[in-house]
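**Student:** Below you'll find the structure I mean.
There are 2 protein chains.
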Amino acid sequence: MENFEEPIERLIEYFRSLPGVGLKTAQRYAFFIIENSKEKAENFANAILDAKNKVKLCRECGNYCAQDVCKICERRNQKIVCVVQEPKDIISMEKVKSYDGVYHVLFGCINPLENKGPNDIRIKELLSRVQKNGVQEVIMATNPDVEGEATAMYIAKLLRPMGVKVTRLAQGISIGSDIEFADEVTLEKALKSRQEI
Amino acid sequence: MENFEEPIERLIEYFRSLPGVGLKTAQRYAFFIIENSKEKAENFANAILDAKNKVKLCRECGNYCAQDVCKICERRNQKIVCVVQEPKDIISMEKVKSYDGVYHVLFGCINPLENKGPNDIRIKELLSRVQKNGVQEVIMATNPDVEGEATAMYIAKLLRPMGVKVTRLAQGISIGSDIEFADEVTLEKALKSRQEI
């Protein structure tokens, strides 16, 4: 409606710019801010500024952190490195409580359509890290699509001569899913990689 | 995951406090802020502060506005007042382009379960406004539930002796809906209020 006052309209616009937020949801968020305490609004605004100003990339793995080196790199086994495309992939991987190694964020993958070559993602940093720390195993956890697959292959080719074991997350049918609804590429992969029980 | 750094964790918490936002969505919003420009983060934070600091209630109708009197009260026909429970109800009503009257926000409705009596919502302000402006019609647009209905009846009883026409939004089946799925209370209301065609 054109009758919104400017400060409300502007806040709605900013909320709309968040991923997946439409007009109705943005209005709901904006009203929530207006209806809540001034203190809460100030804290919210500060949290945004702090996150943007204090968060930098970990010198080792490239994950977001507030110090020079992130908590994961500080505490965990440096001999095993799991390579992911984005920091948010680390959140998912961390749900696997048993993993004790560290991570390496590429910030993307090799994608000719987006003009992203091997020099545009953090491959150089990975190689020097492997050398420096005497890494024993690199687990490729790039996405299981064409670009992620190609990136994993490319990096594996560079790493193998360095005497490091390179592995890839297993591909197959998801636990709890239905074979009826599995696509043929996944099923073919699952059949090929079948294991004795 | 416990490995989030404090500024990210805090931002996620604030996004989570928005209505209908879960952990996953909040993380997505937080990463969006971190991945975008510093300028954008600053503007976002300012938009929140501005909306909270500059927005006040319109002296006349109680709607959110940045001046003393909102744009709707300034420009439109003061003789017809549409009474709503919340400012967001005005957004919905404004989609009806043909309505030229003004609004009155009650900020809630009479609800004994929540300890809200007639003195806790803006009824007094409505009465003095009706008297002051010589209002001809008051349209009750409170929600069609028990509390909204009771509030409409209560206010109508106070207004009728003042010689003002009090109306209520028509209740019946929604346009485009399916009679098969209409609930019995709505159907009964629609049947009772049937009109000759």
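Those protein sequences? They're chains W and E, same order as listed. Counting in numbering that gives the first Met the number 0, the final residue of the first sequence is number 196, and the numbers go up one at a time with none missing. Counting in numbering that gives the first Met the number 0, the final residue of the second sequence is number 196, and the numbers go up one at a time with none missing. Glycine included, C-beta positions come from ideal geometry on N, C-alpha and C.
Strictly below 8 Å CB to CB, what residues from chain W border THR64 of chain E?
**Tutor:** The sequence shown places Cys at residue 64 of chain E, not Thr. Under the 8 Å cutoff, chain W gives GLU4.
**Student:** How would you write the range of the alpha helix (DSSP H) that ILE71 of chain E sits in, first residue to last?
**Tutor:** ILE71 of chain E -> alpha helix (DSSP H) spans 70-74.
**Student:** Please report the residue range of the alpha helix (DSSP H) in which THR24 of chain W lies.
**Tutor:** Taken as a continuous stretch (DSSP letters only), the alpha helix (DSSP H) holding THR24 of chain W covers 22-34.
**Student:** Would a check of beta-carbon distances place LYS51 of chain W closer than 8 Å to chain E?
**Tutor:** Yes, its Cβ sits closer than 8 Å to a Cβ of chain E.
**Student:** Short of 8 Å in beta carbon distance, which residues of its chain neighbour PHE192 of chain E, apart from the five on each side in sequence? Order them along the chain.
**Tutor:** Checking the sequence shown, residue 192 of chain E turns out to be Ser, not Phe. Taken in chain order, the residues that qualify are ALA169, GLN170, GLY171.
**Student:** Can you list the residues of chain W that VAL54 of chain E reaches, using a CB-CB cut of under 8 Å?
**Tutor:** Neighbours of VAL54 of chain E on chain W, chain order: GLU4, PRO6, ILE7, ILE33.
**Student:** Across which residues does DSSP place ILE79 of chain E in a beta bridge pair?
**Tutor:** Answer by DSSP bridge pairing, in chain order: E:GLU136.
**Student:** In the DSSP assignment, find the unbroken beta strand (DSSP E) run with THR166 of chain W in it and report its ends.
**Tutor:** It spans 164-167 - the beta strand (DSSP E) in which THR166 of chain W sits, taken as one unbroken run.
**Student:** List the residues of chain E that ARG27 of chain W touches, going by C-beta distances under 9 Å, in chain order.
**Tutor:** Within chain E, the residues near ARG27 of chain W are LEU17, PRO18, GLY19, LYS87.
**Student:** Taking the Cβ atom as the reference point for each residue, do ILE7 of chain E and ALA181 of chain W lie within a distance shorter than 8 Å?
**Tutor:** Contact: no.
**Student:** From ALA65 of chain W to VAL54 of chain W, what does the alpha carbon distance come to, in whole angstroms?
**Tutor:** Near 5 Å, if we compare the C-alpha coordinates of VAL54 of chain W and ALA65 of chain W.
**Student:** Could you pull the start and end residues of the alpha helix (DSSP H) that TYR153 of chain W belongs to?
**Tutor:** That run of the alpha helix (DSSP H) goes 145-158.
**Student:** Residues of chain W with a CB under 9 Å from the CB of LEU186 of chain E: which are they?
**Tutor:** Going along chain W, no residue has its Cβ under 9 Å from LEU186 of chain E, so there is no contact; the nearest lies around 28 Å.
**Student:** Which bits of chain E does GLU136 of chain W rub up against, with CB to CB less than 8 Å?
**Tutor:** Chain E residues near GLU136 of chain W: none, gap ~21 Å exceeds 8 Å.
**Student:** Could you compute how far the alpha carbon of CYS111 of chain W sits from the alpha carbon of VAL95 of chain E?
**Tutor:** The sequence given here places Pro at residue 111 of chain W; Cys does not occur at that position. If you take the alpha carbons of PRO111 of chain W and VAL95 of chain E, they lie about 50 Å apart.
**Student:** Within the 8 Å Cβ cut-off, does GLU41 of chain E reach chain W?
**Tutor:** Chain W, which has a Cβ nearer than 8 Å to the Cβ of GLU41 of chain E, makes this yes.
**Student:** With DSSP as the reference, label VAL184 of chain E as helix, strand or coil.
**Tutor:** Helix.
**Student:** Would you say ILE90 of chain E faces chain W, with C-beta separation under 8 Å as the test?
**Tutor:** Yes, ILE90 of chain E counts as interfacial toward chain W.
**Student:** Output yes if chain E places a C-beta closer than 8 Å to the C-beta of LEU48 of chain W; else output no.
**Tutor:** Yes, contact with chain E.
**Student:** If distances are taken between C-alpha atoms only, which option among E:VAL80, E:MET92, E:ALA149, E:GLU41 comes closest to GLY107 of chain E?
**Tutor:** The candidate whose alpha carbon is nearest that of GLY107 of chain E is E:ALA149.
**Student:** When DSSP builds the beta bridges, which residues end up paired with CYS64 of chain W?
**Tutor:** The partner list for CYS64 of chain W (beta bridge, DSSP) reads W:LYS55.
**Student:** Counting only C-beta atoms, is PHE180 of chain E closer than 8 Å to chain W at any point?
**Tutor:** Judged by the 8 Å Cβ criterion, PHE180 of chain E is not in contact with chain W.
**Student:** Let me check understanding here. Comparing Cα to Cα, which of W:LYS156, W:GLU183, W:ARG15, W:ARG75 lies closest to ASP99 of chain W?
**Tutor:** It is W:ARG75.
**Student:** Which chain W residues are close to LEU10 of chain E, counting only those with a beta carbon under 7 Å from its beta carbon?
**Tutor:** Neighbours of LEU10 of chain E on chain W, chain order: ALA46, ILE47, ALA50.
**Student:** So that I know if they touch, is there some Cβ in chain W lying closer than 8 Å to that of TYR13 of chain E?
**Tutor:** With 8 Å as the cut-off, TYR13 of chain E counts as an interface residue toward chain W.
**Student:** Against chain W, does LYS115 of chain E count as a neighbour if the rule is that its beta carbon must be under 8 Å from one of theirs?
**Tutor:** Cβ-Cβ to chain W under 8 Å: no for LYS115 of chain E.
**Student:** Does DSSP classify LYS37 of chain E as helix, strand or coil?
**Tutor:** LYS37 of chain E falls in the helix class under three-state DSSP.
**Student:** Among the candidates W:ALA140, W:SER127, W:GLU146, whose CA atom is the shortest distance from the CA of ILE109 of chain W?
**Tutor:** It is W:GLU146.
**Student:** Could you tell me the distance, in whole angstroms, from the CA atom of VAL137 of chain W to the CA atom of GLU93 of chain E?
**Tutor:** The straight-line gap from Cα to Cα measures roughly 59 Å.
**Student:** With a threshold of 8 Å, are at least 3 pairs of Cβ atoms found where one atom belongs to the stretch 70-87 of chain W and the other to the stretch 56-64 of chain E?
**Tutor:** No, the stretch 70-87 of chain W is not in contact with the stretch 56-64 of chain E.
**Student:** Taking 8 Å as the threshold, find out whether the stretch 126-140 of chain W comes into contact with the stretch 38-48 of chain W through three or more Cβ pairs.
**Tutor:** Output reads no: the stretch 38-48 of chain W does not touch the stretch 126-140 of chain W.
**Student:** From which residue to which residue does the beta strand (DSSP E) around TYR13 of chain E run?
**Tutor:** Per DSSP, TYR13 of chain E belongs to no beta strand (DSSP E); it is in the alpha helix (DSSP H), 5-15.
**Student:** In three-state DSSP terms, what is ASN142 of chain W?
**Tutor:** DSSP places ASN142 of chain W in coil when its eight states are reduced to three.
**Student:** So is LYS78 of chain W in contact with chain E if we call contact Cβ pairs under 8 Å?
**Tutor:** No, because no Cβ of chain E sits closer than 8 Å to the Cβ of LYS78 of chain W.
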